[in-house]
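**Q** Quick note, the sequence shown lines up with residues 20 to 234 if you use my numbering. In this text, a Cβ means the ideal position worked out from N, Cα and C, and glycines have one as well. Only a predicted model underlies this, so the values are computations on that prediction, with no experimental measurement involved.
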Amino acid sequence: MRVVGIGAGGHARMLVEMIQAQGGEIVGLVDADPARKGTTVLGIPVLGGDEQLDAVARAGVKLAFLGVGAVGDNSRRRKVWDAVRDRGFEFMTVIASSAYVSPSAVIGEGTCVFPGAIIGAGARLGRNVIVNTGAIVEHDCELGDHVHVASGAVLAGGVHAGEGAHVGAGASVKQGVRLGRECVVGLGAAVIDDVADGITVGGVPARPLQTRVTR
Ligand code: JB2
Numbered sequence: 020m021r022v023v024g025i026g027a028g029g030h031a032r033m034l035v036e037m038i039q040a041q042g043g044e045i046v047g048l049v050d051a052d053p054a055r056k057g058t059t060v061l062g063i064p065v066l067g068g069d070e071q072l073d074a075v076a077r078a079g080v081k082l083a084f085l086g087v088g089a090v091g092d093n094s095r096r097r098k099v100w101d102a103v104r105d106r107g108f109e110f111m112t113v114i115a116s117s118a119y120v121s122p123s124a125v126i127g128e129g130t131c132v133f134p135g136a137i138i139g140a141g142a143r144l145g146r147n148v149i150v151n152t153g154a155i156v157e158h159d160c161e162l163g164d165h166v167h168v169a170s171g172a173v174l175a176g177g178v179h180a181g182e183g184a185h186v187g188a189g190a191s192v193k194q195g196v197r198l199g200r201e202c203v204v205g206l207g208a209a210v211i212d213d214v215a216d217g218i219t220v221g222g223v224p225a226r227p228l229q230t231r232v233t234r
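1. Where does ILE57 sit, in a helix, a strand or coil, going by DSSP?
2. Roughly how many angstroms lie between the CA atoms of ALA51 and HIS179, to the nearest whole one?
3. Would the C-beta of HIS179 count as close to the ligand JB2, meaning under 7 angstroms from any of its heavy atoms?
4. Quick one, which of GLY139, ALA188, GLY135 and GLU70 has its alpha-carbon nearest ASP105's?
5. In the DSSP assignment, what residue or residues form a beta bridge with HIS185?
6. Closer than 8 angstroms is the cut-off here; do at least three beta carbon pairs connect the stretch 54 to 71 with the stretch 117 to 130?
7. Tell me the rounded alpha-carbon separation between PRO53 and GLN194.
8. Could you give the distance in angstroms between the alpha-carbon of VAL75 and the alpha-carbon of ARG197?
9. Going by DSSP, what residue range makes up the alpha helix (DSSP H) through VAL75?
10. Under three-state DSSP, which class holds ARG143?
11. Following a CB-centred definition, is ASN151 positioned closer than 7 angstroms to any heavy atom of the ligand JB2?
12. Once you ignore the five residues that flank GLY221 on each side, which residues in its own chain have a CB closer than 6 angstroms to its CB?
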């Protein structure tokens, strides 16, 4: 399986190793930073910017992975996803070999489940979701497209997270809570009540910190 990577930072490096461990062939990376062109990441060449994707497609590669991460604001990840899809690529779904994904869970296109993460029975994850290292998404959770559950966060059973929501590292969300679209749960927070769209919450128990204009 031949695949091109979008982004050449730390998030991409994690994915490169996960994909290589499963025998995937990464033909190159593209990165918006011109200074990265001609460098290598874990031995993989950085081909240049996204304009290089057309040549990659002409060479017969139709699969990409999204290596552009984010902490808090997932709008960049959504824009890059849309732009790469518009160039005709499909996204690779990446499940680390050390992750556990329930056979009854549903995982959307391009969603990445990192080492040591757990996805419980009946969970439904949309497209381009990140479940980062060691995070737990319990049974019957529903995560919209572009959601990021950061390292070590825990979503108890039946949590809903709207499109583009971010759950910070080490945060916990009580069972059945609904997180609005593009809301942000701060690092280490304990969320016990629903969070409206575009709101940032933090603390134990979590309280609103600021409001962001959503799309
Ligand atoms: O539109 C784009 C684009 N926008 C940013 N196209 C392409 N091809 N590349 C893009 N980038 C590139 O993504 C940037 O130029 C940069 O090189 C890379 C992002 O790397 P960075 O190291 O800044 O962050 P990251 O996304 O790898 O990781 C963040 O998110 C992870 C989830 C960090 O906060 C990590 O700590 C975190 N674990």
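**A** Let me lay it out:
1. As written in the sequence, residue 57 is Gly, which differs from the Ile given in the question. Coil, per DSSP.
2. 33 angstroms
3. no
4. GLU70
5. HIS167 and VAL203
6. no
7. 44 angstroms
8. 40 angstroms
9. 72 to 77
10. strand
11. yes
12. GLY205, ALA208 and LEU228
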